[in-house]
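Report on the following structure.
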Amino acid sequence: MSVGQILRDARLAKNLTIADVTAAIRIRESLVLNLEDDSFEACGGEVYGRGHQRTYAKFLNLEIDDQIF
28 MSVGQILRDA RLAKNLTIAD VTAAIRIRES LVLNLEDDSF EACGGEVYGR GHQRTYAKFL
88 NLEIDDQIF
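Our numbering puts the first residue of the sequence shown at 28, with every later residue one more than the last.
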């Protein structure tokens, strides 16, 4: 399972919408969707995408740093 899938599954398990996430972590809706799809082009590249994934994971109280590389 990819990091994006883990984030999406955790968000859905907490009954959070994309709008809930964007309001909490201040990342555009389109970027959150890209993060859940493991697509980093719109995030400014892989380095920025991974950083945004860490922020998203922290918001969801997930410990997935070992899966983000």
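We put the beta carbon where it would ideally sit given N, CA and C, even for glycine. This structure is a prediction, so every number in the text was calculated from the model and none was measured.
query                                                                                                                                                                           : result
I'd like to know whether the C-beta atoms of VAL30 and PHE86 end up nearer to each other than 8 Å.                                                                              : no
Quick check on the burial criterion: 16 or more other C-beta atoms within 10 angstroms. Buried or exposed for GLU68?                                                            : exposed
Excluding the 5 residues flanking ALA84 on each side, which residues of the same chain have their C-beta closer than 6 Å to its C-beta?                                         : ILE91
Label GLU63 either buried or exposed according to how many other C-beta atoms from any shown protein chain fall within 10 Å of its C-beta, with 16 as the threshold for buried. : buried
Using a 10 Å radius around the Cβ and a threshold of 16 neighbouring Cβ atoms, would you call ARG53 buried or exposed?                                                          : exposed
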